[in-house]
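Last residue of the sequence shown: number 725 in my numbering, and the count goes up by one each step with no gaps. The structure appears right after this line, and notes come after that.
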Amino acid sequence: MTSSIRFLMCAPDHYDVDYVINPWMEGNVHKSSRDRAVEQWQGLFHILKDRAVVDLVKPQKGVPDMVFTANAGLVLGNNVVLSRFFHKERQGEEPFFKEWFESQGFTVYELPKDLPFEGAGDALLDREGRWLWAGYGFRSELDSHPYLAKWLDIEVLSLRLMDERFYHLDTCFCPLANGYLLYYPPAFDSYSNRLIELRVPAEKRIAVSEKDAVNFACNAVNVDRVVIMNKASDELKERLGNLGFEVLETPLTEFLKAGGAAKCLTLRVTEPIIPDHRAIAAVESRVVRMDGHLLDAGLINQALDLIVEGGGSFQVLNFQLGEQRQSTSSADVKVTAPSHEVMEAIVAQLIDLGAVPPPQEVCDIIWEAAPQDGVAPDDFYVTTIYPTEVRVNCEWVKVQKQRMDGAIVVSETANGITAHCKLLRDLKQGDRVVVGVEGIRTVRKTESREQRNTQEFSFMGSGVSSERRVELVVEQIAWEMRQIRDQGGKVVVTAGPVVIHTGGGEHLAGLIRQGYVQALLGGNAIAVHDMEQSLMGTSLGVDMKRGVSVRGGHRHHLKVINTIRRYGSIANAVEQGVVTSGVLYECVKNNVPFALAGSIRDDGPLPDTQMDLIKAQEDYARLIEGADLILMLSSMLHSIGVGNMTPAGVKMVCVDINPAVVTKLSDRGSVESVGVVTDVGLFLSLLTQQLERLTSPYKLAQLV
Ligand SMILES: NC(=O)c1ccc[n+]([C@@H]2O[C@H](COP(=O)([O-])OP(=O)(O)OC[C@H]3O[C@@H](n4cnc5c(N)ncnc54)[C@H](O)[C@@H]3O)[C@@H](O)[C@H]2O)c1
Numbered sequence: 022m023t024s025s026i027r028f029l030m031c032a033p034d035h036y037d038v039d040y041v042i043n044p045w046m047e048g049n050v051h052k053s054s055r056d057r058a059v060e061q062w063q064g065l066f067h068i069l070k071d072r073a074v075v076d077l078v079k080p081q082k083g084v085p086d087m088v089f090t091a092n093a094g095l096v097l098g099n100n101v102v103l104s105r106f107f108h109k110e111r112q113g114e115e116p117f118f119k120e121w122f123e124s125q126g127f128t129v130y131e132l133p134k135d136l137p138f139e140g141a142g143d144a145l146l147d148r149e150g151r152w153l154w155a156g157y158g159f160r161s162e163l164d165s166h167p168y169l170a171k172w173l174d175i176e177v178l179s180l181r182l183m184d185e186r187f188y189h190l191d192t193c194f195c196p197l198a199n200g201y202l203l204y205y206p207p208a209f210d211s212y213s214n215r216l217i218e219l220r221v222p223a224e225k226r227i228a229v230s231e232k233d234a235v236n237f238a239c240n241a242v243n244v245d246r247v248v249i250m251n252k253a254s255d256e257l258k259e260r261l262g263n264l265g266f267e268v269l270e271t272p273l274t275e276f277l278k279a280g281g282a283a284k285c286l287t288l289r290v291t292e293p294i295i296p297d298h299r300a301i302a303a304v305e306s307r308v309v310r311m312d313g314h315l316l317d318a319g320l321i322n323q324a325l326d327l328i329v330e331g332g333g334s335f336q337v338l339n340f341q342l343g344e345q346r347q348s349t350s351s352a353d354v355k356v357t358a359p360s361h362e363v364m365e366a367i368v369a370q371l372i373d374l375g376a377v378p379p380p381q382e383v384c385d386i387i388w389e390a391a392p393q394d395g396v397a398p399d400d401f402y403v404t405t406i407y408p409t410e411v412r413v414n415c416e417w418v419k420v421q422k423q424r425m426d427g428a429i430v431v432s433e434t435a436n437g438i439t440a441h442c443k444l445l446r447d448l449k450q451g452d453r454v455v456v457g458v459e460g461i462r463t464v465r466k467t468e469s470r471e472q473r474n475t476q477e478f479s480f481m482g483s484g485v486s487s488e489r490r491v492e493l494v495v496e497q498i499a500w501e502m503r504q505i506r507d508q509g510g511k512v513v514v515t516a517g518p519v520v521i522h523t524g525g526g527e528h529l530a531g532l533i534r535q536g537y538v539q540a541l542l543g544g545n546a547i548a549v550h551d552m553e554q555s556l557m558g559t560s561l562g563v564d565m566k567r568g569v570s571v572r573g574g575h576r577h578h579l580k581v582i583n584t585i586r587r588y589g590s591i592a593n594a595v596e597q598g599v600v601t602s603g604v605l606y607e608c609v610k611n612n613v614p615f616a617l618a619g620s621i622r623d624d625g626p627l628p629d630t631q632m633d634l635i636k637a638q639e640d641y642a643r644l645i646e647g648a649d650l651i652l653m654l655s656s657m658l659h660s661i662g663v664g665n666m667t668p669a670g671v672k673m674v675c676v677d678i679n680p681a682v683v684t685k686l687s688d689r690g691s692v693e694s695v696g697v698v699t700d701v702g703l704f705l706s707l708l709t710q711q712l713e714r715l716t717s718p719y720k721l722a723q724l725v
């Protein structure tokens, strides 16, 4: 017996599965045998008694889970942090454990009410005493971890649990002597696994299989070189044996029915303090404020989901609910994250949702100089499509040239501070690049339910239309395009060759001729097939009038490319009367600028196709500037490219036969996008008809 080691246990006099608070209990209510439970508990008790001192706390009626003493509290030295149980079913245990700890002379720390922490079930000391591993996600709150660090004066490493079968850290994680670790990696999120890997070298990590994990092999008690557990596979026994550990199996199946085994049934109450390891809690907290139609628009739910999914936890501090339907609500949310890195990732996403720091915590941005041309500082803020403002010298400055996936550069000019979005490749060494997430806010329109409904009616909202709604959508788009044209606005079309193959070319050409299109973006193919139709009457070798393949037609598009190459450019071919109709013809004749971006699929290419992709992106960006509406017609490549460089606020209509493409483009979190799943030829023909109806006074009268 090693008298310096003491454990606390509680006899199973009142043990039963009385309720369901974890997946193991499901289907097991009142299914455990008291006699067998007593026998199994005695088995564990005697194994421990041979190796340590075992203290007993008196079992109490009405709290059947008191048998799981690991959840009494967390002991280090003479201090104990008492558990605050998450479920009310177990809260009745707290006073009995408190009484026991006090009777033994421990200094008892109690967490604020409503801050759950379930003791040594969710907090395990590294057996070398270097730090404390603390779990959260199901029972204990991340916010309890800074208290542990402060009261116990130890570094706390927070691990997020992901699998509800392993709802306590000690169900899937067991630090062993000499720095070894027995654990089940899939029970943790990727950040936590990375943290474990950083702290425990590969040769000391003993990852168990799911089979061992569900037999609670990690819910083990380690006394020196002995590891006591319910059951282990031969493979696990061999691995532990090779590392010098002796595995003692003792069946605890009756307790598995309540979701516990060897470790849960014991609490080590002698945990010596190792000097030199001072408190460090990497856990960070900060408060953000959300304003708007928080409930109505689902914003608060989105924010809270995002915090949890990002690896943090939250507390809603103030929630001022707008009383009227049209009034807005406001909430201060305290976000807690296990590290600075995770906090920044979460806050960056909350900023996208429109979260701002509360007034007393607003501060200026932090910037760092770009270390070299084309390279941002590591921690640079990655921009989104949403209008963004940065706070410099206590003033909010609007970021110019907003686009996603860029960096924000601030500069001081004679006219004051300016801020711009820049692509990485455009950064110059020394540029002041915004880093972190301080002093950044996005300006999101807050829409009440009524406003959203009206907008949805006028522009169909964001979402993918079904076939039967296509005509209605087209009617709305036609009306929108008509308005933009009348007000001198800008419509940009991005189109793929399918427009031509489906017979939509003549309609698109008509739209350009009638002034509905102010810029055209595409690739080599749309231009080639459009001019193939003009010069040879075929598109990809198919006769467009008869719909049949023409003998030798597959060569047509190459002949066309060759012809245009001879004339040096599409414009020259049009001016020389070689190309006499079609989409590109109308662009040239009506001074509608176009940009053709090259791709690896291109034949030729046409002399106008820009094969330098950086230049092509610049051409696109220039033509998109100031657009009121972008019509994306059946080109996944070019539409997604354009979507990425377009700021929020520009209406986008994506037409594609593949719902996945449409969803990707319309899912920009804004009501400005609409997706139409249909044949692009049909869409263009309907659009032309609608525009004609709107233009003819007689037909307009009929419409009214
Ligand atoms: N000969 C050539 O030079 C040549 C030929 C083809 C493509 N390309 C180039 O390859 C790149 C990619 O071409 P892409 O944009 O055509 O391909 P893409 O795969 O990016 O997009 C085609 C899209 O059209 C959709 N589509 C198919 N049939 C449709 C229909 N009837 N109605 C509506 N949508 C329909 C598809 O779902 C798809 O999303 C472009 O740069 C293009 O210029 C070159």
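Glycine is no exception: its CB is placed at the ideal position from the N, C-alpha and C atoms.
When His550, Ala642 and Arg572 are compared against Ser602, the one with the closest alpha-carbon: His550
Note the first and the last residue of the continuous alpha helix (DSSP H) segment covering Thr128. Note, Thr128: premise wrong, no alpha helix (DSSP H); beta strand (DSSP E) at Thr128 to Tyr130.
Using DSSP with H/G/I as helix, E/B as strand and the rest coil, what is Gly484? Bear in mind that the predicted position of Gly484 carries a pLDDT of just 48, short of 50, making it unreliable; the figure below should be weighed with that in mind. Residue state, collapsed to three classes: coil.
Contact set for Gly536: own chain, Cβ-Cβ below 7 Å, skip 5 residues either direction: Arg506
With a 10 Å radius around its C-beta and 16 neighbouring C-beta atoms as the bar for buried, classify Met30 as buried or exposed. buried
Might you give, ordered along the chain, the residues of its own chain that have their beta carbon closer than 6 Å to the beta carbon of Ser479, omitting 5 neighbours on each side? Here the model assigns Ser479 a pLDDT of 34, short of 50, so the residue's position is not dependable, and the following value carries that caveat. There are no such residues.
Please classify Pro33: is it buried, with 16 or more other beta-carbons within 10 angstroms of its beta-carbon, or exposed? buried
Write down every uninterrupted run of the alpha helix (DSSP H) in the segment 529-571 whose length is 4 residues or greater and which is fully enclosed by it, in chain order. 545-557
Closest by CA to Leu342, which one among Leu707, Thr357, Val242 and Asp353? Asp353
Decide yes or no for the touch test of the segment 219-231 against the segment 159-170: beta carbon pairs closer than 8 Å, at least 3 of them. no
Who does Asn612 pair with in a DSSP beta bridge? Answer by DSSP bridge pairing: none, since Asn612 is not bridged.
Leaving out the 5 sequence neighbours to the left and right, which residues in its chain are closer than 8 Å to Gly427 when beta-carbon positions are compared? Val403, Thr404, Cys442, Lys443, Leu444 and Leu445
Restricting to Cα atoms, I'd like to know which of Met552, Arg567, Glu149 and Ile582 is closest to Val609. Met552
From this set, Val377, Glu292 and Leu277, which residue's C-alpha is nearest Gly313's C-alpha? Val377
Please report how far the alpha carbon of His659 lies from the alpha carbon of Ile321, in whole angstroms. 34 Å
Confirm, please, whether the CB-CB distance from Val129 to Leu146 is below 8 Å. no
What are the uninterrupted segments assigned as alpha helix (DSSP H) that are 4 or more residues long and contained completely in the segment 243-301, given in chain order? 255-263 and 274-277
Using a Cβ-based criterion (distance less than 7 Å to any ligand heavy atom), does Val519 qualify as near ligand 1? yes
Which runs of the beta strand (DSSP E), 3 residues or longer, sit entirely within the segment 181-232? 194-196, 202-204 and 226-228
Relative to the C-alpha of Ile295, which candidate in Glu646, Glu149, Leu556 and Val41 has its C-alpha closest? Glu149
Are the beta-carbon atoms of Gly568 and Leu705 separated by less than 8 Å? no
Between the segment 394-402 and the segment 444-463, do at least 3 Cβ pairs fall closer than 8 Å? yes
Put Phe118 into one of helix, strand or coil per three-state DSSP. helix
Considering only heavy atoms of ligand 3, does any lie closer than 7 Å to the CB of Ser706? Ligand 3 is absent from the structure shown, which contains only ligand 1.
From Arg20 to Ile328, what distance separates their C-alpha atoms? Residue 20 lies beyond the residue range present for the chain, which begins at 22 and ends at 725; the question has no answer from this structure.
Where does Met673 fall in DSSP's three states? strand
Can you tell me whether Lys52 is buried or exposed, with buried defined as 16 or more other CB within 10 angstroms of its CB? exposed
Quick check on Lys443: does DSSP put it in helix, strand or coil? strand
Are Arg503 and Leu712 close, meaning C-beta to C-beta below 8 Å? yes
Could you give the residue range of the beta strand (DSSP E) that holds Ala144? Ala144 to Leu146
I want to check one thing, is the minimum distance from the CB of His659 to the heavy atoms of ligand 1 below 7 Å? yes
Say yes only if the C-beta of Asp326 is nearer than 7 Å to one or more non-hydrogen atoms of ligand 1, and no if none qualify. no
Please report the Cβ distance between Arg534 and Glu596, rounded to the nearest whole angstrom; I am assuming they are in contact, meaning their Cβ atoms lie under 8 Å. Contact flag wrong, Cβ pair sits at about 17 Å.
Does the Cβ of Asp523 lie closer than 7 Å to at least one heavy atom of ligand 1? The question names Asp, but residue 523 in the sequence shown is Thr. Checking the Cβ of Thr523 against ligand 1 gives yes.
Give a yes or no on whether the C-beta atoms belonging to Asp623 and Gln631 are separated by under 8 Å. no
Bridge partners for Trp154 per DSSP, in chain order? Leu145 and Leu178
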